[in-house]
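Right, one structure below, let's go through it.
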Amino acid sequence: MRRIRVLIVDDSPLIRQVMNDIFSKVPDIEVVGQATNGKEGVALAKSLRPDVVTMDVEMPEMTGIEALRELMSTSPVRVVMVSTKTKEGATTTLEALELGAIDFVAKPSNAAPSTLHRVADELIEKIRHAAEARLPIRRIARTATLPTRTTDKVVVVASSTGGPRALTTLFQSLPKGLRVPMLIVQHMPEGFTASLAQRLDAIGTMPCKEAKHGDKVQPGLAYVAPGNKHMRVDKYGNIALDEGDRIHGVRPAADHLFLSAVEAWGNKCVGIVLTGMGKDGAAGALAIKRSGGTVFGESQESCTVYGMPKAAKEIGGVNAEFPIDQIGQAMVAALKGDRTNAA
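Heads up: the sequence shown begins at 1 in the working numbering, then just goes up one per residue.
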């Protein structure tokens, strides 16, 4: 059995001990080193070459963000950030994901280090996923051309591991003034999706907000499903949020959104399935395609984790695949009704 070699970087000796205890009980994970700050973490990562680094955000001498930035520019490695459930922690985590961190685990902001045991299963799962993930490569997307005609189509997006970085590239490729609504499900905990929406909004191509219950879907605006709430639309184009059962183990779930979008808009839907672990979005993608809509998947060459797009493709729910830097152009072509350029 191959063991995943992990380096722990955290300035708290108690948290390092708790994490070491957690991993010592897992047969496929081996702790190969521990660092007390970002500077030491960078040095150990370069010498030990671990499969995955767990990186705290706030540390002396060199923060987790500073350490991550140096590692990604000199010795790229798969990193899982350990963040706090605060507004500041969410903002920093989103920055880390855009810099190249594979994923993150949120710990309570004012609890004892022992509470890490509460998220032990999540931490172990994300380390396993990170070990298999593709190291991200910065892709520069060309801006799509703004359609000259209005459209009554709607875009729905599914995204998970590696998604914030992919969504950033997608938004960077959108033309300003695009008069189409976009609804996004990104698998992310409560408290982090607001920061994601703010960062996407700051790109300046399409205004973006965290969705609220009762919002009327408007052309030219993107809506991000809040963490821990499913998002769907009714036949009148109103957004409904709920805390129903998890689907595929996640909430929000893209399938919940996609299937409701088909009921509301039928063949006017354009679906996009981006990077992520699992199969969320596959059933919804197939429903969109069967209704006469169009679905694009992110191709394996740019996915951090080629799970969700692969699942959608394997059941016949994808019209075409593109690397993330080309999906914006394909999406705009589909909005124009140009299936040739879109697929």
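Backbone N, C-alpha and C fix where the C-beta goes; we use that ideal spot for every residue, glycine too.
Ends of the beta strand (DSSP E) at F104? For the purposes of this step, residue 104 is identified with residue 104 of the sequence shown, where counting begins at 1. Start and end: D103 to K107.
Per DSSP, cross-strand counterpart(s) of E321: As a position in the sequence shown, residue 321 is number 321, starting the count at 1. Secondary-structure assignment with DSSP links E321 through a beta bridge to G297.
Opening and closing residue of the beta strand (DSSP E) in which R232 lies: Within the sequence shown, numbered from 1, the residue matching residue 232 stands at position 232. Looking at the DSSP string, the run of the beta strand (DSSP E) that includes R232 is H230 to V233.
Hey, D325 and T169 are a contact pair by Cβ (cut 8 angstroms); roughly how many whole angstroms apart? Residue mapping note: residue 325 aligns to position 325 of the sequence shown, counting from 1. Residue mapping note: residue 169 aligns to position 169 of the sequence shown, counting from 1. In this structure D325 touches T169 by the C-beta definition: roughly 6 angstroms separates them, less than 8 angstroms.
Burial state of K268 (16 or more Cβ within 10 Å): Residue 268 sits at position 268 when you count from the first residue of the sequence shown. Buried, by the Cβ-count rule.
Taking the alpha carbon of K313 as the reference point, which residue from A222, A282 and A261 has its own alpha carbon closest? Numbered from its first residue, the sequence shown carries residue 313 at position 313. K313 has its Cα closest to that of A282, out of A222, A282 and A261.
Alpha carbon of G64 to alpha carbon of L174, nearest angstrom: In the sequence shown, counting from the first residue as 1, residue 64 sits at position 64. In the sequence shown, counting from the first residue as 1, residue 174 sits at position 174. Inter-residue distance for G64 and L174 is about 31 angstroms (C-alpha atoms, whole angstroms).
In whole angstroms, what is the alpha-carbon distance linking E122 and M231? Locating residue 122 in the sequence shown gives position 122, counting from the first residue. Locating residue 231 in the sequence shown gives position 231, counting from the first residue. Those two C-alpha atoms are separated by around 23 angstroms.
Kindly indicate which three-state DSSP category D56 falls into: helix, strand or coil? Counting from one through the sequence shown, the residue named residue 56 turns up at place 56. D56: strand per DSSP, three-state reduction.
Quick check on the DSSP output: the alpha helix (DSSP H) that includes G89 runs from which residue to which? Your numbering for residue 89 matches position 89 in the sequence shown. Run containing G89: K87 to L99, per the alpha helix (DSSP H) assignment.
So, helix, strand or coil for E70, using DSSP? Your numbering for residue 70 matches position 70 in the sequence shown. Residue state, collapsed to three classes: helix.
Determine the extent of the alpha helix (DSSP H) in which E125 is found, giving its start and end residues. By one-based count along the sequence shown, residue 125 stands at place 125. Element bounds for E125: A120 to E132.
Bridge partners for N238 per DSSP, in chain order? In the sequence shown, the residue the question calls residue 238 occupies position 238. Paired residues: K216.
Contact check, V157 vs L274, beta carbons under 8 angstroms: Here residue 157 corresponds to residue number 157 of the sequence shown, with the count starting at 1. Here residue 274 corresponds to residue number 274 of the sequence shown, with the count starting at 1. Yes, the pair counts as a contact, with Cβ atoms nearer than the cut-off.
By a C-beta neighbour count over all protein chains shown, 10 Å radius and 16 as the cutoff for buried, is L346 buried or exposed? Since the displayed the chain opens at 1 and closes at 343, residue 346 lies outside it and no answer follows.
Would you decide whether M1 is buried or exposed? Buried here means 16 or more other CB atoms lie within 10 Å of its CB. As a working mapping, residue 1 is identified with position 1 in the sequence shown. Flag for M1 reads exposed.
Considering only residues of the segment 2-29, which uninterrupted beta strand (DSSP E) runs meet the minimum length of 3 residues and lie entirely inside it, listed in chain order? Secondary structure within the segment 2-29: the beta strand (DSSP E) runs of 3 or more consecutive residues, fully enclosed, are 4-9 (chain order).
Classify L68: buried if its beta carbon has 16 or more other beta carbons within 10 angstroms, exposed otherwise. Here the question's residue 68 lines up with position 68 in the sequence shown. The residue in question, L68, is buried, as its Cβ has 16 or more Cβ neighbours within 10 Å.
Under 6 angstroms Cβ to Cβ from D51, same chain only, skipping five residues before and after it: list those, please. Taking the sequence shown and counting its residues from 1, one reaches residue 51 at position 51. Taken in chain order, the residues that qualify are I4, R5 and A131.
Does DSSP put M353 in a helix, in a strand, or in coil? The structure shown has nothing for residue 353, since the chain only spans 1 to 343.
Hey, out of L116, L146 and V57, whose CA is closest to A330's CA? In the sequence shown, residue 330 corresponds to position 330, counting from 1. Selected option, being the one with the closest Cα: L146.
Boundaries of the alpha helix (DSSP H) in which V82 is found, first to last residue: Along the sequence shown, one-based indexing puts residue 82 at 82. For V82, there is no enclosing alpha helix (DSSP H); the residue is part of the beta strand (DSSP E) that begins and ends at R78 to T84.
Helix, strand or coil for L135, going by three-state DSSP, please let me know. The count along the sequence shown starts at 1 and reaches residue 135 at position 135. The answer is coil: DSSP assigns L135 none of H, G, I, E or B.
With L345 as the anchor, note down where its alpha helix (DSSP H) starts and where it stops. The question about residue 345 has no answer here: the residues shown for the chain are numbered 1 through 343.
Contact belief for V18 with L116 at Cβ below 8 angstroms, rounded distance in angstroms: Residue mapping note: residue 18 aligns to position 18 of the sequence shown, counting from 1. Residue mapping note: residue 116 aligns to position 116 of the sequence shown, counting from 1. About 5 angstroms separates the two Cβ atoms, so the contact holds.
Simplified DSSP assignment, three categories, for G271: Sequence index remark: in the sequence shown, residue 271 carries index 271 (1-based). Residue state, collapsed to three classes: strand.
Could you tell me whether the Cβ atoms of D280 and D255 are closer together than 8 angstroms? By 1-based counting over the sequence shown, the position of residue 280 is 280. By 1-based counting over the sequence shown, the position of residue 255 is 255. In this structure, D255 lies closer than 8 angstroms to D280 by Cβ.
Between which two residues does the alpha helix (DSSP H) harbouring A194 extend? Sequence index remark: in the sequence shown, residue 194 carries index 194 (1-based). Looking at the DSSP string, the run of the alpha helix (DSSP H) that includes A194 is T193 to I203.
Where M182 falls: helix, strand or coil (DSSP): On the sequence shown, position 182 is the one that residue 182 refers to. Three-state result, M182: strand.
How many whole angstroms separate the CB atoms of G38 and M72, which I take to be in contact at a CB cut-off of 8 angstroms? Looking up residue 38 in the sequence shown gives position 38. Looking up residue 72 in the sequence shown gives position 72. Between the beta-carbon of G38 and that of M72 there is about 13 angstroms, and that puts the pair past the 8 angstroms contact cut.
For L97, count neighbouring Cβ atoms within 10 angstroms of its own Cβ and tell me buried if that reaches 16, exposed if not. Position 97 of the sequence shown holds residue 97. L97 is buried by the Cβ-count criterion.
Spatial neighbours of R246 within its chain, please: CB distance less than 8 angstroms, with the 5 preceding and 5 following residues excluded, ordered by chain position. If you number the sequence shown from 1, residue 246 lands on position 246. Taken in chain order, the residues that qualify are A253.
Minimum C-alpha distance to E95 - residue among L183, T148 and A197: Here residue 95 refers to the residue found at position 95 when the sequence shown is read from its first residue. Nearest of L183, T148 and A197 to E95, Cα basis: A197.
In whole angstroms, what is the alpha-carbon distance linking A287 and G328? Position 287 of the sequence shown, counted from the start, is the residue given in the question as residue 287. Position 328 of the sequence shown, counted from the start, is the residue given in the question as residue 328. Cα to Cα, A287 sits roughly 22 angstroms from G328.
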